[in-house]
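There are 2 protein chains.
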Amino acid sequence: MTANSQIPPPPWQRLPDRQARRRREPISQEAIVSAAVRLLDREGLAALSMRRLAEELGTGAASLYWHVGSKDGLLDLVLDQVIGEGQVPDPDPARWREQLKDVARAQRRASLRHPYIVRISIGRIPMGPNALRYSERVLAILRAGGLPPRLAVQGYLLLIATVNGFTIDETGVTDGAPAGTGDSAGPDSAGPGDPASAQDAANMARDYIASLPRDLFPTMTGLADEFAFADADERFEMLIDIFVDGLARRAAANAAT
Amino acid sequence: MTANSQIPPPPWQRLPDRQARRRREPISQEAIVSAAVRLLDREGLAALSMRRLAEELGTGAASLYWHVGSKDGLLDLVLDQVIGEGQVPDPDPARWREQLKDVARAQRRASLRHPYIVRISIGRIPMGPNALRYSERVLAILRAGGLPPRLAVQGYLLLIATVNGFTIDETGVTDGAPAGTGDSAGPDSAGPGDPASAQDAANMARDYIASLPRDLFPTMTGLADEFAFADADERFEMLIDIFVDGLARRAAANAAT
DNA sequence: GCCCATGATAGAACACTGTTCGACAAGCGA
DNA sequence: TCGCTTGTCGAACAGTGTTCTATCATGGGC
Numbered sequence: 139m140t141a142n143s144q145i146p147p148p149p150w151q152r153l154p155d156r157q158a159r160r161r162r163e164p165i166s167q168e169a170i171v172s173a174a175v176r177l178l179d180r181e182g183l184a185a186l187s188m189r190r191l192a193e194e195l196g197t198g199a200a201s202l203y204w205h206v207g208s209k210d211g212l213l214d215l216v217l218d219q220v221i222g223e224g225q226v227p228d229p230d231p232a233r234w235r236e237q238l239k240d241v242a243r244a245q246r247r248a249s250l251r252h253p254y255i256v257r258i259s260i261g262r263i264p265m266g267p268n269a270l271r272y273s274e275r276v277l278a279i280l281r282a283g284g285l286p287p288r289l290a291v292q293g294y295l296l297l298i299a300t301v302n303g304f305t306i307d308e309t310g311v312t313d314g315a316p317a318g319t320g321d322s323a324g325p326d327s328a329g330p331g332d333p334a335s336a337q338d339a340a341n342m343a344r345d346y347i348a349s350l351p352r353d354l355f356p357t358m359t360g361l362a363d364e365f366a367f368a369d370a371d372e373r374f375e376m377l378i379d380i381f382v383d384g385l386a387r388r389a390a391a392n393a394a395t
Numbered sequence: 139m140t141a142n143s144q145i146p147p148p149p150w151q152r153l154p155d156r157q158a159r160r161r162r163e164p165i166s167q168e169a170i171v172s173a174a175v176r177l178l179d180r181e182g183l184a185a186l187s188m189r190r191l192a193e194e195l196g197t198g199a200a201s202l203y204w205h206v207g208s209k210d211g212l213l214d215l216v217l218d219q220v221i222g223e224g225q226v227p228d229p230d231p232a233r234w235r236e237q238l239k240d241v242a243r244a245q246r247r248a249s250l251r252h253p254y255i256v257r258i259s260i261g262r263i264p265m266g267p268n269a270l271r272y273s274e275r276v277l278a279i280l281r282a283g284g285l286p287p288r289l290a291v292q293g294y295l296l297l298i299a300t301v302n303g304f305t306i307d308e309t310g311v312t313d314g315a316p317a318g319t320g321d322s323a324g325p326d327s328a329g330p331g332d333p334a335s336a337q338d339a340a341n342m343a344r345d346y347i348a349s350l351p352r353d354l355f356p357t358m359t360g361l362a363d364e365f366a367f368a369d370a371d372e373r374f375e376m377l378i379d380i381f382v383d384g385l386a387r388r389a390a391a392n393a394a395t
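If you read the sequences in order, they're chains E and R. Numbering-wise, the first sequence is residues 139 to 395 according to my numbering. Numbering-wise, the second sequence is residues 139 to 395 according to my numbering.
This is how it looks when you write it as structure tokens:
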């Protein structure tokens, strides 16, 4: 808090061999969280170990514990950081249903951009600063739409759970790294969870179901072709249509009572 | 390879208790799966390790691999076994919405009876014999209700995902064992995920939210009391009401088209 | 200008995990 | 009786999260 901290040091004065050790970043909590997110984005949830992360930061595993307490604490911070990426529009009462769908779509996109996040969020109640700001803005939309208090809060919580239930399936076939063994193979080279391999899996399911004995599985064999329908975007639109429609109906019924 | 191996050991020298070991069950795949389910029910997901399970069966960890291939393979079998507990009624076209809700309620009850199952099911497409029989019967209900093929299949899959999204929150606060450290403390002694501690957590959330600055969080502070509403049964009924209503609406719209 | 408390860094170790390897034993057909 | 298949399992490997402890650097007080 002295005046010294305001004065930037001259660029030629490199103080001791700090550079060698701390060359990347002075290993603050934020630096650790950012590095963790980068590592997770790059190599997936299974690749995140304390040793690996420390190596990434040019330090030792035990040092991280001074800043984040435990791996669980680190994941709490990672979750809040990713939630902080989300943008929620100002409420427009006439368009609350479409705005709510947009929120759901944005949540799904975030879960696809960081496929590990939905698994991290299991068993974690997001209460970090970013999560609070996010909730405030979504709830403002629902209240502006005229939903009564209970339905607004429960509708918000249930929507999150519903979207998570969907994206778990979408991102969860394996927990592998995105595409390849670590080289820069590009983000679209047939990793697990991408549309192409999802379609392959759906085709395999269809063929298997179609091959079942018709007398034991009359309904399923008749519906086999539908199991090949794996357009995730359309499936998701179907889900939030069903949910928001049902929610609006219940809101109308509540208002009438 | 010496002659020593030919000499029978004296009868009083009982080398490991072969009899005592294999008396339970001759360690078949089914015996392993049953023991795994028992262990999971008793001590939770975190307690299931191959060594621990082998000990439970009076054998060595490596032996299990002969029957189940890997821990992942074992979990596949556990999932199918639990799905096999479910009972689905014969279709009654006039009551398809109520029947579908019953299916959802039964799935939730199974997830509460085996709190680990929803976490196991992540990233696993249930295609075992029991899962197939189960799907056949649920789809029969939806088809009897008049839903077109696509809406029947997608409605079924989305319902499962929705219920999973809900029960993940319900069972997922921690992954601890049910009640106590292993002694017979009874199944209702304030483990994580039971109604009492859920209500406590909800009260804490309400108090925290109510304490936030009103100018930054006008909506949330006004809704703080609603965050104390943690009646899981009622929340679940709300969810399946919303979902089934929305599904029925979409079915009616489809039929009109 | 020195000196020590304090913030920060890590090496080493602990108790685990899933999995594999290879040696071993029992049952059985030839 | 031989050989072979089926099954068992102790030991080891590479990895995990976490803790203990020793060490270092630095800033404030004397």
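Glycine included, each C-beta is placed from N, C-alpha and C at the ideal position. These figures come from a predicted structure and were not determined experimentally.
D371 (chain R) has its alpha-carbon roughly 18 Å from the corresponding atom of D363 (chain R). If you ignore the 5 residues before and after A282 (chain E), its C-beta comes within less than 8 Å of the C-beta of P229, D230, P231, W234, all in its own chain and listed in chain order.
Within a 10 Å sphere around the beta-carbon of Q225 (chain R) sit fewer than 16 other beta-carbons, which makes this residue exposed.
Ranked by how close their Cα comes to the Cα of L297 (chain E), the residues E:G310, E:L280, E:G284, E:P286 have E:L280 in first place. Taking R352 (chain R) as the centre and dropping the five residues before and after it, the same chain places the C-beta of T359 closer than 8 Å to its C-beta, in chain order. Excluding five sequence positions before and after F374 (chain R), the CB atoms of its chain that fall closer than 7 Å to its own CB belong to R246, F304, given in chain order.
With contacts defined as CB atoms closer than 8 Å, L213 (chain E) and I258 (chain E) qualify as a contacting pair. Contact check for L289 (chain R) against A389 (chain R) passes: the beta carbons are separated by less than 8 Å. Taking a C-beta distance under 8 Å as the contact criterion, G384 (chain E) and I380 (chain R) qualify as a contact pair. Excluding sequence positions up to five before and after V276 (chain R), its CB lies within less than 7 Å of the CB of V226, V241, Y294, all in the same chain and listed in chain order. If you look at Y294 (chain E), you'll find it in the alpha helix (DSSP H) that goes 287-309.
Contacts with chain E at 8 Å (Cβ-Cβ) include D307 (chain R). M188 (chain R) and S201 (chain R) have their C-alpha atoms some 10 Å from each other.
Looking at E:D332, E:F365, E:I378, E:L377, the one whose alpha-carbon comes closest to that of P253 (chain E) is E:D332. Of the candidates R:T197, R:V171, R:F365, the residue whose Cα lies closest to the Cα of Q219 (chain R) is R:V171. In this chain, the alpha helix (DSSP H) harbouring T359 (chain E) covers 356-361. No residue range can be given for L195 (chain R), since it is assigned to no alpha helix (DSSP H) and is classified by DSSP as neither H nor E. Taking 8 Å as the cut-off, the beta carbon of L178 (chain R) is found closer than this to the beta carbon of L186 (chain R). In terms of Cβ geometry, G261 (chain R) and G261 (chain E) do not form a close pair [threshold 8 Å].
Chain R places a beta carbon closer than 8 Å to that of D379 (chain E), counting this residue as a contact.
Distance from the CA atom of A336 (chain R) to the CA atom of A368 (chain R), rounded to whole angstroms, is 7 Å. For A366 (chain R), the three-state secondary structure derived from DSSP is helix.
Contacts with chain R (Cβ-Cβ distance below 7 Å) from the segment 277-310 of chain E involve L277, A278, R281, P287, R288, A290, V291, Q292, L296, A299, T300, N302, G303, F304, I306, D307, G310, listed in chain order. For a Cβ distance threshold of 9 Å, residue set M376, D379, I380, D383 of chain E lies close to R388 (chain R), ordered along the chain. Note that the C-beta distance between L377 (chain R) and T300 (chain R) is below 8 Å. Within a 10 Å sphere around the beta-carbon of G207 (chain E) sit fewer than 16 other beta-carbons, which makes this residue exposed.
Residue contact with chain R for L350 (chain E): present (Cβ-Cβ distance below 8 Å to some residue of chain R). With respect to chain E, the C-beta atom of T357 (chain R) has a partner C-beta closer than 8 Å.
The DSSP assignment places 188-194, 199-206, 209-221, 234-251 as complete runs of the alpha helix (DSSP H) inside the segment 185-257 of chain R, in order along the chain (cut-off: 4 residues). A straight-line Cα-Cα distance of about 43 Å links G182 (chain R) and G284 (chain E). In summary, L354 (chain R) is exposed, with fewer than 16 beta-carbon neighbours lying within 10 Å of its beta-carbon over all protein chains present. With respect to chain R, the C-beta atom of E223 (chain E) has no partner C-beta closer than 8 Å. Cβ atoms of N341 (chain R) and I306 (chain E) stay farther apart than 8 Å, at about 28 Å. Taking C-alpha positions only, E308 (chain E) is separated from D338 (chain E) by approximately 14 Å.
One finds nothing in chain R with a Cβ atom closer than 9 Å to the Cβ of L178 (chain E); even the nearest lies about 17 Å away.
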